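A quick write-up on the structure given underneath.
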């Protein structure tokens, strides 16, 4: 991993960072100096002049974190693609008639940060929608099916998050709808 070693001290420790980046660069078959340059500087062209500006420590850490997130996302997508490719083996007698696929969803729980962002709100809201769908499908629809088939089953009590979803998603008075309307007004102050 590209950890904080070399990126946390007040005066940037280039040697420790280079050592860590060398390991990563070797794994990906790229030049470690190029990675170092990308994580610590920004290059702009103005009137055919190349201007290189060094990032602050925080900006370097942000660039490192963005690179790590991107690499993990690409690795995850590649892995899921390989699993799906294996499941849909073209030499299998079933693959012509039926496509088999796997999808993964991580709904481990809510992340709680000292300061949550709009992005985190959207993630948590999506998790709530998934939980609502799950509750509807597993609890309500299954009980309805049992009743239709004459199976006697004890009613399960569960917490329904529909009220919370409506608070955010309802139109025209849900929080997201109101935010959307407000953002369309000229000279919005947030």
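In the UniProt record's numbering, the protein residues as written are 1 to 190. Beta carbons: idealized from backbone N, C-alpha and C, even for Gly. Only a predicted model underlies this, so the values are computations on that prediction, with no experimental measurement involved.
In the DSSP assignment, what are the bridge partners of residue 45?
The residue you call residue 45 lines up with position 45 of the chain shown. Among the bridge pairs identified by DSSP, residue 45 is matched with 50.
Beta-carbon proximity list for residue 14, same chain, < 6 Å, skipping 5 on both sides:
Here residue 14 refers to the residue found at position 14 when the chain shown is read from its first residue. Nothing listed; no residue qualifies.
Do the segment 142-150 and the segment 81-89 make contact, defined as three or more Cβ pairs closer than 8 Å?
Judged by Cβ distances under 8 Å, the segment 142-150 makes no contact with the segment 81-89, as fewer than three pairs qualify.
How far does the alpha helix (DSSP H) with residue 124 in it extend, from its first residue to its last?
Along the chain shown, read from residue 1 onward, the residue named residue 124 stands at position 124. Taken as a continuous stretch (DSSP letters only), the alpha helix (DSSP H) holding residue 124 covers 118-135.
Give a yes or no on whether the C-beta atoms belonging to residue 22 and residue 39 are separated by under 8 Å.
By 1-based counting over the chain shown, the position of residue 22 is 22. By 1-based counting over the chain shown, the position of residue 39 is 39. No, the pair does not count as a contact, with Cβ atoms beyond the cut-off.
Along the chain, where does the alpha helix (DSSP H) that runs through residue 180 open and close?
Sequence index remark: in the chain shown, residue 180 carries index 180 (1-based). Taken as a continuous stretch (DSSP letters only), the alpha helix (DSSP H) holding residue 180 covers 175-183.
Below 7 Å CB to CB, which residues in the same chain sit around residue 158 once its five sequence neighbours on both sides are set aside?
Here residue 158 is taken as the residue at index 158 of the chain shown, counted from 1. Counting only Cβ-Cβ distances below 7 Å, and skipping sequence neighbours, we find 135, 139.
Looking at C-beta atoms only, is the number of pairs between the segment 24-34 and the segment 49-59 that lie closer than 8 Å three or more?
Fewer than three beta-carbon pairs drawn from the segment 24-34 and the segment 49-59 are found closer than 8 Å, and the two stretches are therefore not classed as touching.
Please state whether DSSP places residue 155 in a helix, a strand or coil.
Taking the chain shown and counting its residues from 1, one reaches residue 155 at position 155. Of the three classes helix, strand and coil, the one that applies to residue 155 here is coil, per DSSP.
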